[in-house]
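For the protein sequence lines, the chains are A and B, in the order given.
If you read the first sequence in our numbering, its first letter stands for residue 28, the second for the next number, and so on.
If you read the second sequence in our numbering, its first letter stands for residue 12, the second for the next number, and so on.
C-beta: ideal position from N, C-alpha, C; glycine also.
Keep in mind that this is a model prediction, so the values were computed, not measured.
Data first, discussion second: the structure below is written as structure tokens.
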Amino acid sequence: DTGVSQDPRHKITKRGQNVTFRCDPISEHNRLYWYRQTLGQGPEFLTYFQNEAQLEKSRLLSDRFSAERPKGSFSTLEIQRTEQGDSAMYLCASRGGTGTGGSYEQFFGPGTRLTVL
Amino acid sequence: AQSVTQLDSQVPVFEEAPVELRCNYSSSVSVYLFWYVQYPNQGLQLLLKYLSGSTLVESINGFEAEFNKSQTSFHLRKPSVHISDTAEYFCAVSVSTGFQKLVFGTGTRLLVSP
Numbered sequence: 028d029t030g031v032s033q034d035p036r037h038k039i040t041k042r043g044q045n046v047t048f049r050c051d052p053i054s055e056h057n058r059l060y061w062y063r064q065t066l067g068q069g070p071e072f073l074t075y076f077q078n079e080a081q082l083e084k085s086r087l088l089s090d091r092f093s094a095e096r097p098k099g100s101f102s103t104l105e106i107q108r109t110e111q112g113d114s115a116m117y118l119c120a121s122r123g124g125t126g127t128g129g130s131y132e133q134f135f136g137p138g139t140r141l142t143v144l
Numbered sequence: 012a013q014s015v016t017q018l019d020s021q022v023p024v025f026e027e028a029p030v031e032l033r034c035n036y037s038s039s040v041s042v043y044l045f046w047y048v049q050y051p052n053q054g055l056q057l058l059l060k061y062l063s064g065s066t067l068v069e070s071i072n073g074f075e076a077e078f079n080k081s082q083t084s085f086h087l088r089k090p091s092v093h094i095s096d097t098a099e100y101f102c103a104v105s106v107s108t109g110f111q112k113l114v115f116g117t118g119t120r121l122l123v124s125p
């Protein structure tokens with residue numbers, strides 16, 4: 028399967044703990060997005076990478092959030108000092124660059140569901 | 012900034028009946044339009060997209076959507092639904108330039124019953 032994968036699929040943590048999620052995009056895709064989806068809402072944009080460069084961050088991404096894509100391949104999203112309001116589904120998506128077939132489509136992973144107790 | 016409105020949070024329908032899921036958007040610049048479907052415990056899957064050209068776009072499983080610029084709408088339709096179409100449907104827009112983040116609506120849950 029060459030789709031987008033995310034790990035872990037579920038994470039339960041206590042308030043104040045740090046958590047890290049991983050996203051492995053489709054191998055030839057140089058663009059990677061993180062979104063957050065809370066119950067009853069559509070996904071909301073968090074951040075965007077083109078290759079290893081983080082080019083855009085939403086104001087939703089507070090100082091407790093950090094994302095990396097060290098070699099332009101997989102990406103990690105870390106949340107420090109988690110709060111109950113961080114409970115959500117965290118979705119990763121990847122997209123090919125312009126000039127490749129289907130380049131306007133973002134392919135989504137299955138998501139990581141975070142529950143903060 | 013762009014925004015998407017999906018007025019119907021839930022649409023119940025009987026199997027083999029037609030259905031329309033409504034989507035309206037707001038943007039001051041040119042946009043691309045998408046419908047994504049989310050089955051329980053799964054990620055989002057692209058159903059269909061409008062980039063340019065013909066305003067009527069179709070998916071392989073019988074859904075279609077029509078881009079109406081004057082009404083800023085991109086409603087999703089299917090003439091005859093199946094039980095397996097039960098899912099959450101999200102309308103989304105992105106600007107046609109830049110990094111093209113997706114802006115989603117709140118979703119419409121389609122419930123198909125026998």
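Notebook entry, point to check: Between the region 80-102 of chain A and chain B, which residues of the former have a C-beta closer than 9 Å to a C-beta of the latter?
Noted result: Leu82, Glu83 and Ser85
Checklist line | Sufficient close CB pairs (3 or more, under 8 Å) joining the region 34-52 of chain A to the region 65-82 of chain B | finding: Cβ pair count under 8 Å is below three, so no.
Margin query: Looking only at its chain, what residues have a beta carbon closer than 8 Å to the beta carbon of Thr127/A, apart from the 5 residues adjacent to it on each side?
Written below: Position 100 of the first sequence, counted from the start, is the residue given in the question as residue 127/A. Bear in mind that a pLDDT of 45 at Thr127/A, under 50, signals an unreliable position, so the number given afterwards is only what the model happens to contain. Beyond the five residues adjoining it in sequence on each side, Thr127/A comes within less than 8 Å, by CB distance, of Glu55 in the same chain, given in chain order.
Margin query: Quick check for students: name the residue ranges of the beta strand (DSSP E) that lie wholly in the region 21-47 of chain B, counting only runs of 3 or more.
Written below: Look at the region 21-47 of chain B and you find these whole runs of beta strand (DSSP E), each 3 residues long or longer: 21-25, 30-32 and 35-37.
Notebook entry, point to check: What residues from chain A crowd round Thr83/B, counting only those whose CB sits closer than 8 Å?
Noted result: Taking the first residue of the second sequence as 1, we reach residue 83/B at position 72. Result: empty, since nearest Cβ-Cβ is about 18 Å, beyond 8 Å.
Checklist line | Three-way DSSP call (helix, strand, coil) for Gln111/A in this model | finding: By one-based count along the first sequence, residue 111/A stands at place 84. Of the three classes helix, strand and coil, the one that applies to Gln111/A here is helix, per DSSP.
Checklist line | Ala115/A, buried or exposed, once every other Cβ within 10 Å from all chains shown has been counted against 16 | finding: As a working note, residue 115/A is residue 88 in the first sequence. With 16 or more Cβ atoms within 10 Å of its Cβ, Ala115/A is classed as buried.
Check: Where do the ends of the beta strand (DSSP E) carrying Ala98/B lie?
Finding: Along the second sequence, one-based indexing puts residue 98/B at 87. Taken as a continuous stretch (DSSP letters only), the beta strand (DSSP E) holding Ala98/B covers Ala98 to Val106.
Margin query: Quick check on Lys60/B - is its C-beta less than 8 Å from some C-beta in chain A?
Written below: For this step, residue 60/B is matched to residue 49 along the second sequence. Yes, its Cβ sits closer than 8 Å to a Cβ of chain A.
Check: Nearest-angstrom Cα distance between Asn72/B and Gln13/B?
Finding: As a first step, residue 72/B is located in the second sequence; it is residue number 61 there, counting from the start. As a first step, residue 13/B is located in the second sequence; it is residue number 2 there, counting from the start. Going by C-alpha positions, Asn72/B is about 29 Å away from Gln13/B.
Check: For the beta strand (DSSP E) that Asp34/A lies in, which residues bound it at each end?
Finding: Here residue 34/A corresponds to residue number 7 of the first sequence, with the count starting at 1. It spans Ser32 to Asp34 - the beta strand (DSSP E) in which Asp34/A sits, taken as one unbroken run.
Notebook entry, point to check: So is Pro29/B in contact with chain A if we call contact Cβ pairs under 8 Å?
Noted result: Start at 1 with the first residue of the second sequence, and residue 29/B comes out as number 18. Not closer than 8 Å to any Cβ of chain A, the Cβ of Pro29/B fails to qualify, so no.
Notebook entry, point to check: Who does Gln44/A pair with in a DSSP beta bridge?
Noted result: Within the first sequence, numbered from 1, the residue matching residue 44/A stands at position 17. DSSP output for Gln44/A lists no bridge partner at all.
Check: CA-CA distance, Pro97/A and Tyr62/A?
Finding: Reading the first sequence from its first residue, position 70 is the one you call residue 97/A. Reading the first sequence from its first residue, position 35 is the one you call residue 62/A. Taking the straight line from one Cα to the other gives about 19 Å.
Margin query: Quick check on the burial criterion: 16 or more other C-beta atoms within 10 angstroms. Buried or exposed for Ile94/B?
Written below: Walking along the second sequence from the start, residue 94/B turns up at place 83. Classification of Ile94/B: exposed, given that the 10 Å Cβ count is below 16.
Item checked: Ile94/B - DSSP class collapsed to helix/strand/coil -> On the second sequence, residue 94/B is found 83 positions in, with the first residue counted as 1. When DSSP states are grouped into helix, strand and coil, Ile94/B belongs to the helix group.
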